[in-house]
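Plus 8 on top of the position in the sequence shown (first one is 1) and you've got the working numbering.
Each residue gets a CB set at the ideal place from its N, CA and C atoms; glycine is no exception.
In what follows, a structure is listed as structure tokens, so that the remarks can point back to it.
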Amino acid sequence: MKLSRMFSSDLASRMILIHPPEPRKELLMSLPSEGIYIGKTKYMNVPVYWDFKKVINPHIGIVGITGSGKSYLVKTFLTRASLVLGANALILDWVGEYGKWVKQAGGKVISLNKEKLNLLDFGFTTKAVRIKQIMSALDVLADLKKYPTEREEIEDALEEVYKKKRKPNLRDIVKYLEKKKRSKSARILKRFTYEGCDFFAGNSTLNIKKLTTSGLVSLDLHELPTEEIRSLAGLTILQHIKELMRATKYDDKSGIKLLVVLDEAWKIAAKEESDVIDIVREGRKYNFALIVASQNPTDMHKTIFSNVGTMFIMRLVLKEFRDYVRSSIGYSQFIDSEISSFGVGDAAVNMIFTERQAQRACFLLKKVDGEEPLFLLKIIGDNMDVEVEKDQLMRMLYEQGLDDSQVSLIKAEFEKNDGILEAEKLVSFFEKFGYSRSSIISFLRQLGVKEKRIINIFSLVKMRRASKGVVDLIPED
Ligand SMILES: Nc1ncnc2c1ncn2[C@@H]1O[C@H](COP(=O)(O)OP(=O)(O)O)[C@@H](O)[C@H]1O
Ligand SMILES: [Mg+2]
Numbered sequence: 009m010k011l012s013r014m015f016s017s018d019l020a021s022r023m024i025l026i027h028p029p030e031p032r033k034e035l036l037m038s039l040p041s042e043g044i045y046i047g048k049t050k051y052m053n054v055p056v057y058w059d060f061k062k063v064i065n066p067h068i069g070i071v072g073i074t075g076s077g078k079s080y081l082v083k084t085f086l087t088r089a090s091l092v093l094g095a096n097a098l099i100l101d102w103v104g105e106y107g108k109w110v111k112q113a114g115g116k117v118i119s120l121n122k123e124k125l126n127l128l129d130f131g132f133t134t135k136a137v138r139i140k141q142i143m144s145a146l147d148v149l150a151d152l153k154k155y156p157t158e159r160e161e162i163e164d165a166l167e168e169v170y171k172k173k174r175k176p177n178l179r180d181i182v183k184y185l186e187k188k189k190r191s192k193s194a195r196i197l198k199r200f201t202y203e204g205c206d207f208f209a210g211n212s213t214l215n216i217k218k219l220t221t222s223g224l225v226s227l228d229l230h231e232l233p234t235e236e237i238r239s240l241a242g243l244t245i246l247q248h249i250k251e252l253m254r255a256t257k258y259d260d261k262s263g264i265k266l267l268v269v270l271d272e273a274w275k276i277a278a279k280e281e282s283d284v285i286d287i288v289r290e291g292r293k294y295n296f297a298l299i300v301a302s303q304n305p306t307d308m309h310k311t312i313f314s315n316v317g318t319m320f321i322m323r324l325v326l327k328e329f330r331d332y333v334r335s336s337i338g339y340s341q342f343i344d345s346e347i348s349s350f351g352v353g354d355a356a357v358n359m360i361f362t363e364r365q366a367q368r369a370c371f372l373l374k375k376v377d378g379e380e381p382l383f384l385l386k387i388i389g390d391n392m393d394v395e396v397e398k399d400q401l402m403r404m405l406y407e408q409g410l411d412d413s414q415v416s417l418i419k420a421e422f423e424k425n426d427g428i429l430e431a432e433k434l435v436s437f438f439e440k441f442g443y444s445r446s447s448i449i450s451f452l453r454q455l456g457v458k459e460k461r462i463i464n465i466f467s468l469v470k471m472r473r474a475s476k477g478v479v480d481l482i483p484e485d
């Protein structure tokens with residue numbers, strides 16, 4: 009211990025001369041059209057590109073304390089993956105933290121409290137497999153293995169009800185169990201059928217195939233009533249995706265079709281029986297990549313650490329957590345101590361390269377070189393809707409000759425309303441700043457507003473002036 013500490017401080021002072029080895033450049037660098045740029049290595053400044061063809065499987069794990077930069081890495085990765093790979097992305101958003109970003113990035117947010125997903129739907133598989141999946145989900149979430157009698161009764165009820173009914177749902181199972189006086193088993197499932205908690209007990213409104221082929225989609229699970237329902241929803245959706253992807257044959261050239269993100273999905277990544285573990289273990293079998301992130305490494309099953317193609321270890325403070333990760337991956341004491349003092353965005357990256365019998369390499373990344381999404385502003389009017397990137401609009405305003413305070417007045421007005429401003433209000437600002445009608449018209453044309461709409465906007469401004477007497481220009485608090 010003493011010796012290693014001496015060694016690492018010694019290393020630190022001679023960093024330029026001695027540092028832990030970094031993988032060869034050819035392994036890290038890719039054509040920007042093929043790899044996803046992440047950042048540069050700490051010592052040799054080699055740009056690191058993630059290329060699924062170079063690692064043993066496309067799955068990714070991320071651990072680090074809150075605020076260490078896990079979600080930022082996910083966002084950066086997804087943004088670039090959509091450009092480089094043309095991949096769709098589906099985020100299972102446990103805490104509802106991705107919504108705003110997804111909207112900014114032009115994606116779609118689906119709130120699960122307004123949807124239903126019949127737990128008994130086969131999805132893309134057979135009855136027998138689906139029964140197995142339902143049982144394994146209940147094993148993970150309700151510890152059903154501890155209650156072998158009830159486990160058997162529930163499995164039996166599934167078999168029987170499927171035989172009797174074409175499109176059964178959970179209520180039918182509960183009814184069947186009650187009829188057979190298997191009340192304890194009925195009770196285990198009944199809580200998923202009560203009003204407000206019946207996400208799984210009606211006809212499905214979610215179309216899994218569509219969700220996985222619609223660009224960037226975030227499923228907001230946080231409004232589901234309980235942690236248990238949230239986890240079961242996440243796991244069920246993942247099971248359907250897995251079957252869907254199994255049905256689509258893997259083609260090396262077509263690459264990654266879909267990225268599925270589980271951020272803070274602690275409960276479903278920890279247990280052996282979970283499909284998360286299967287997917288990671290099965291490696292390249294499907295052409296989708298799973299990204300699992302957690303602040304608590306012990307919530308991730310060891311199989312994830314030892315099998316995942318790419319692991320990002322961001323700042324970890326607790327020794328117990330660091331030991332868990334280190335014992336699963338096996339990097340040096342030096343890297344371990346670096347991990348404990350990382351700044352935001354720093355990471356140790358462990359990759360298992362396909363070249364030469366799955367070589368493992370752990371190296372330090374200076375900082376995830378991130379990318380903020382384009383921030384889109386919207387100008388609306390009746391029957392019109394123009395989107396413009398924030399920086400671009402600000403540039404255009406300066407080009408029109410507006411000064412700093414005028415630009416920030418308009419910016420504040422957009423921000424007040426989540427990035428949206430009525431066209432007539434924008435025009436009012438210009439009039440207030442003393443712009444002529446013809447220069448305002450040319451500005452609106454530049455923004456891409458149609459001629460007919462421009463006339464409408466001006467008449468609205470006029471009407472508003474007439475009714476109010478003065479133009480309302482001071483932003484309200
Ligand atoms: N690589 C980075 N470069 C710049 N800012 C970052 C970076 N990583 C994270 N941040 C910022 O640090 C804060 C916390 O990051 P976040 O990704 O939410 O952490 P976590 O998900 O690990 O809790 C955010 O405000 C984020 O924008
Ligand atoms: Mg986060």
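Give the C-beta separation of residue i and residue j to the nearest angstrom, bearing in mind that I take them to be a contact with Cβ-Cβ under 8 Å.
i: Val284; j: Ala277; result: 5 Å
i: Leu410; j: Thr244; result: In fact, because the Cβ distance is near 52 Å, the residues do not count as touching under 8 Å.
i: Phe361; j: Glu30; result: In fact, because the Cβ distance is near 13 Å, the residues do not count as touching under 8 Å.
i: Thr318; j: Val63; result: 6 Å
i: Leu98; j: Leu229; result: Wrong, their Cβ atoms sit about 12 Å apart, outside the cutoff.
i: Leu385; j: Val396; result: 6 Å
i: Ile321; j: Val333; result: 6 Å
i: Leu224; j: Gly114; result: 7 Å
i: Gly378; j: Thr84; result: 4 Å
i: Val82; j: Asp307; result: Their Cβ separation, rounded to whole angstroms, is 16 Å, which puts Val82 and Asp307 out of contact at 8 Å.
i: Glu161; j: Ser193; result: 4 Å
i: Ile73; j: Gln341; result: Not really, about 20 Å apart at Cβ, beyond 8 Å.
State the start and end residues of the unbroken beta strand (DSSP E) segment that holds residue i.
i: Gln367; result: 367-373
i: Glu430; result: 428-430
i: Ser521; result: Residue coverage of the chain in this structure runs from 9 to 485, which leaves residue 521 outside it and unanswerable.
Answer yes or no: do residue i and residue j have a C-beta to C-beta separation smaller than 8 Å?
i: Gly47; j: Lys279; result: no
i: Gly242; j: Ala209; result: no
i: Leu326; j: Asp354; result: no
i: Arg323; j: Tyr294; result: no
i: Leu185; j: Ala165; result: yes
i: Ile387; j: Ala431; result: yes
i: Lys135; j: Tyr170; result: yes
i: Leu266; j: Ala95; result: yes
i: Ser222; j: Leu125; result: no
i: His27; j: Tyr45; result: no
i: Phe207; j: Leu232; result: yes
i: Ile139; j: Glu167; result: yes
i: His248; j: Ile299; result: no
i: Val435; j: Ile465; result: yes
i: Asn65; j: Arg368; result: no
What did DSSP end up calling residue i once you bin it into helix, strand or coil?
i: Ile44; result: strand
i: Thr256; result: coil
i: Ile73; result: coil
i: Val435; result: helix
i: Lys62; result: coil
i: Leu214; result: coil
i: Ile312; result: helix
i: Ile299; result: strand
i: Leu468; result: helix
i: Thr318; result: strand
i: Ile463; result: helix
i: Asp307; result: helix
i: Ala474; result: helix
i: Ile99; result: strand
i: Asp286; result: helix
i: Ile264; result: coil
i: Leu324; result: coil
i: Ile449; result: helix
i: Asp206; result: coil
i: Ser486; result: The requested residue 486 is not part of the displayed model; the chain covers only 9 to 485.
i: Ser226; result: strand
i: Ile181; result: helix
i: Asp485; result: Caution is warranted here: a pLDDT of 43 is assigned to Asp485, below 50, making its placement in the model unreliable, and no coordinate value can be reported.
i: Leu270; result: strand
i: Ile26; result: coil
Along the alpha helix (DSSP H) that carries residue i, what are the first and last residues, could you check?
i: Met52; result: Premise fails: Met52 is in no alpha helix (DSSP H) and is neither H nor E.
i: Lys116; result: Unbroken run through Lys116 is the beta strand (DSSP E), 116-119; no alpha helix (DSSP H).
i: Ala194; result: 191-198
i: Val169; result: 156-172
i: Val110; result: 107-112
| Fully enclosed by the region 336-424, which alpha helix (DSSP H) runs are 4 residues long or longer? | 341-348, 363-366, 398-407, 412-424
| task | Entirely within the region 125-154 and at least 4 residues each: give me those alpha helix (DSSP H) ranges in chain order. | result | 135-150
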